[in-house]
Every structure is written in structure tokens, then in C-alpha cells.
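S.K.:
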Amino acid sequence: MTAPSALAAAMSAAEISRDAAPREFSFSAAEFGEIARLLRAEAGIDMPPAKEPLVYARLAKRLRALRLRTFKEYLALVTEPGSPERAQMLAALTTNVTRFFREPHHFEDLRRKVLPPLAERAKAGGRVRIWSAGCSTGMETYSIAMCVLEAIPDAASRDVKILATDINPKVLAEGAAGRYPADALRDAPEVLRSRTFESVEGGQLQANAAMRSLITFRELNLMGDWPMKGPFDILFCRNVAIYFDEETQQRLWKRFADLLPPGGRLCIGHSERIAGPASAMLISDGVTSYERSGG
Ligand SMILES: C[S@@+](CC[C@H](N)C(=O)[O-])C[C@H]1O[C@@H](n2cnc3c(N)ncnc32)[C@H](O)[C@@H]1O
């Protein structure tokens, strides 16, 4: 058996040799700084120097795909006016981790108290609008839709719509397809999953047509203009603003608050907090859940 100290020495030697391994492309601090500046300006995302290896690894793939030899060439390409590679770069640098029924308290609240009055409204012919902002591959959005269909089984023939947006077109395409490995739905309550997903080939589950008809997936950069005017009865923006700096977060909370009617609900991620001008408009109502004042 290897002694712990020998093991530690071997591990740190392995780390040193891995860190010292020459990179395929040289990547200077100035080049990293320029990419971080672009990312913040375009997508609001803050990329601290500690994430330099992540930026290198993700963009090295783009350099290979484009058969470029240097980051200098890559930067020249992404800074060209109207360059389509700019969007590819932003997409490559987003973090898309997500899960069905992630942070389950939000869905418990929807089922228990938020959706029942909205169901009454929908059944009386009223309008219900929900926005899943920064939806990634759609797991969050379909989790919401499953709860909506429990409360309003005929939602597809009512004035009920769910908007799902993200800056990354690749994850949106996955969301629109609505196909996931069966295991991805392990945290979805069986009573909801069995009504809304069907088995397809390859051991996958596919969102059924009624559920997909409720949802529109659209590319939208939260830093840009928003074509929709709202109001939204429920707005999810979870684990997105955490990548933005404080000032950008505060501006975003205010824009969301302006799109909620009195009593409208905003759900944010577990490590995010409302601060700034929106604080006066949003009343805390449960864990990382807020209700628009005036209701
Ligand atoms: C970590 S995922 C969160 C997914 C989901 N909301 C959840 O909590 O499971 C963050 C998502 O925000 C998106 N995103 C990041 N910056 C964005 C921006 N400026 N505009 C729109 N979406 C953005 C990313 O592409 C990514 O899919």
C-alpha cells in the first residue's frame, strides 16, 4: 500500500506536470482580458481570472473547429462587425447546468398556491403568461409546464402560454425537441411525468404534443431589448444572474419587476438575492420567491 505522504507527493507531481503541459494554443493574459471584456459587455457575464482555464478549454474547441492557429486570429474574427462567431463564443462560454424540478420548493409553491387561482382565471377565459428566462435545455420550463397541466389539464386550448428564452441557441434546440434520457426525469413527480412525457426510442422520454404546444422557445439575450411587453404572472430566472455583476443583477431585477402585475411571482436561484430599486417592488414570499407589491 502507498503511504499517504507518498501518495500526496505523487498526486501533486501529477498536477504539476499536468499544469506544466504545453498548451496547444498560446493564450495571453491580455487575450483572456479581451474575451472577458466582450463577454461582460455582450452577455453581462462576469468571468474572473480564476476561470481562465475554463475559457481556454471551451474556446480552444472553437479554434480547432474554425482551423485557426492563434487566439489573436480568433479575437480578430469575433470582433469583426456582425461576426456570427460572436454568438458562438457567447454560447460556448455560458454554463448550462440544469435539472428537472431543481430547487423543488418553487414547484411545490406553484402547485399548492400559485397556480390554483390562475387556473380559475384560465377556465373563465382569462390570460395566463409565464416566462422561464435563462431556460437552458428546457428542464426548468417543462417542470413548470407539468405543474401547469396538473392545475389546468386543458391549458393547450386555453389562453395559457409559457415563454422559454436563453442566449444559447444550442440549448434552446434541445428544449424545443423536448427529448431527454429517462433518468433526467427521476426527480419529476410520477403523477405529473406520466401524463406529460411518452417513451420514445433509445430509452428516452419526449414531452407530449399538448405540453410542447404551451411553450415557445426563443433566443433572447437578457442584456438586450425585450420584445415582449408582459405582464407575466410567473417569472422564473434562476441561476442566471449569479454570473452577472451586482449592478447588472439589480438592473435585471428591476426590469423583471416592471413586467409583473401586482401579485405576480418571481422565482430566482438559491444563491441569488434581490437588491437595488426592485427591492421596494418585490415582497419576499418563501425561499427565493417574491411577489410583486400592490396585489
Ligand atoms: C446555469 S443555467 C440555469 C438554467 C435554469 N434556469 C436552472 O436554474 O436550472 C444558466 C442559463 O442562463 C443562460 N444565460 C447566461 N447569460 C445569459 C444572458 N445574458 N441572456 C440570456 N440567457 C443567459 C445560459 O445560456 C444558461 O443556459
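Residue numbering for the sequence shown follows the UniProt record's numbering, starting at 1 and increasing by one per position. Using N, Cα and C, we set each Cβ at its ideal position, and we do this for glycine too.
(1) Expressed to the nearest angstrom, what Euclidean distance is found between the alpha-carbon atoms of threonine 79 and arginine 86?
(2) Where does isoleucine 35 fall in DSSP's three states?
(3) With a floor of 4 residues, list each alpha helix (DSSP H) that falls wholly inside the segment 40–95, ordered by position along the chain.
(4) Do three or more CB pairs link the segment 160–178 to the segment 248–260 at distances below 8 Å?
(5) Does DSSP put cysteine 147 in a helix, in a strand, or in coil?
(6) Measuring only the C-alpha atoms, how far is methionine 1 from lysine 51?
(7) Should cysteine 246 be listed as close to ligand 1, given that the test is whether its C-beta is under 7 Å from any heavy atom?
(8) Should isoleucine 162 be counted as a contact of ligand 1 given a C-beta to heavy atom distance under 7 Å?
(9) Mind checking who phenylalanine 217 pairs with in its DSSP beta bridge?
(10) Is alanine 106 buried or exposed, if buried means 16 or more other CB atoms sit within 10 Å of its CB?
(11) Measure the C-alpha to C-alpha separation of leucine 222 and alanine 60 and round it to an integer number of angstroms.
(12) If you draw a straight line from the alpha carbon of threonine 94 to that of arginine 37, how long is it in whole angstroms?
M.R.: In this structure, then:
(1) Looking at the two C-alpha atoms, the distance is approximately 7 Å.
(2) Residue state, collapsed to three classes: helix.
(3) Runs of the alpha helix (DSSP H) inside the segment 40–95: 52–66, 71–78 and 85–92.
(4) With the cut-off at 8 Å, the segment 160–178 and the segment 248–260 do not touch.
(5) Secondary structure at cysteine 147: helix, using DSSP grouped into helix, strand and coil.
(6) In this prediction, methionine 1 scores a pLDDT of 34, lower than 50, which makes its location untrustworthy; the coordinate-derived value is nonetheless stated afterwards. One Cα belongs to methionine 1, the other to lysine 51, and the distance between them is close to 36 Å.
(7) In the sequence as presented, cysteine is not what sits at residue 246; that position holds glutamate. Exclusion of glutamate 246 from the 7 Å shell around ligand 1 follows from its C-beta lying no nearer than that to any non-hydrogen atom of the ligand.
(8) Using a cutoff of 7 Å, the CB of isoleucine 162 does not count as near ligand 1, since none of the ligand's heavy atoms is closer than that.
(9) Answer by DSSP bridge pairing, in chain order: Ala164.
(10) For the sequence presented, residue 106 should be read as histidine rather than alanine. Looking at its Cβ environment, which holds 16 or more other Cβ atoms inside 10 Å, histidine 106 is buried.
(11) Distance between the alpha carbons of leucine 222 and alanine 60 is about 26 Å.
(12) Straight-line spacing of the CA atoms in threonine 94 and arginine 37 works out to 15 Å.
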